[in-house]
Amino acid sequence: MALREILHFPDTRLRLRAHPVEQVDDSVRQLVDDMFETMYAAPGIGLAATQINVQKRILVADVSEDQTEPHCLINPEIVSREGEEEMDEGCLSVPGFYETVRRAERIRVRALNRDGEVFETEIDGLLAVCIQHEIDHLDGKLFVDYLSTLKRNRIRKKLEKQAARAPSGSPALAGSAAGRL
Ligand code: K2U
Ligand code: ZN
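Per the numbering used here, residue 365 is the first one in the sequence shown, and the count goes up by one each step.
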């Protein structure tokens with residue numbers, strides 16, 4: 365397994381739309397393992413392949429207290445949405461900023477698992493929020509896109525200033541660790 369660098373807003377590679385996975389093979393499973401390792405190390409409760417500059421429709425999530433409930437969704441599709449919820453969201457690609465975002469309260473999702481098998485499941489609570497957040501990433505969308513232009517530009521300028529101050533060539537710092545400086 366390997367730790368991957370997490371891209372930070374406003375990196376334009378975060379705006380690329382990810383492509384469907386054609387074949388769930390060992391290389392995809394290796395990527396999934398790297399995504400879990402990167403997510404747990406960040407630490408985070410979700411991660412989309414787009415965030416590590418891989419344009420494949422893959423997300424991982426684990427909202428458990430003790431990192432014991434890993435979820436891998438490949439080519440995820442939301443087949444139904446119900447209700448509404450609002451929550452203060454953060455993002456490993458927008459380190460240090462938290463803003464309220466409104467999303468569906470319950471979703472029905474269809475995806476492939478890490479063995480390439482189709483599954484469908486109803487999800488609510490924090491996991492539902494997380495999966496909607498990650499599917500946005502696969503579509504090149506960030507939670508800051510739900511904010512006003514003024515707020516989004518303010519966050520962008522602060523992160524650009526932070527990146528300019530961070531030592532270059534240190535991948536560990538280029539990832540989410542830099543966000544905690
Ligand atoms: O996409 C990401 O950057 C992962 C997010 C997932 C997430 C965002 C908003 C709401 C729920 C999940 C990160 O895990 S944000 C960091 C974080 C860590 C612990 C709890 C909540 C958020
Ligand atoms: Zn995010």
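Positions of the beta carbon are idealized from the N, C-alpha and C atoms, including for glycine.
Every unbroken stretch of the alpha helix (DSSP H) spanning 4 or more residues and falling wholly within the region 373-454 is given here in chain order: 390-405. Distance from the CA atom of Ile422 to the CA atom of Glu453, rounded to whole angstroms, is 20 Å.
Of all C-beta pairs linking the region 506-526 to the region 438-458, three or more are shorter than 8 Å, placing the two stretches in contact. Inclusion of Val493 and Ile442 in the CB contact set at 8 Å is not warranted, their separation being larger than that value.
Proximity to Tyr462 across Ala382, Phe507, Leu523, Val396 peaks at Phe507, based on C-alpha coordinates.
Nearest to Asp479 by C-alpha distance, out of His501, Leu437, His372, is Leu437. Given a length threshold of 3 residues, the region 495-533 has no whole run of the beta strand (DSSP E) inside it. Classified as exposed, Phe483 has fewer than 16 neighbouring CB atoms from the shown chains inside 10 Å of its CB. Nearest to Leu380 by alpha-carbon distance, out of Leu511, Ala528, His501, is His501. Following the DSSP letters along the chain, one finds Val482 inside the beta strand (DSSP E) bounded by residues 482-488.
Look at Leu476 here: in three-state DSSP terms it is strand.
No residue range can be given for Arg368, since it is assigned to no beta strand (DSSP E) and is classified by DSSP as neither H nor E.
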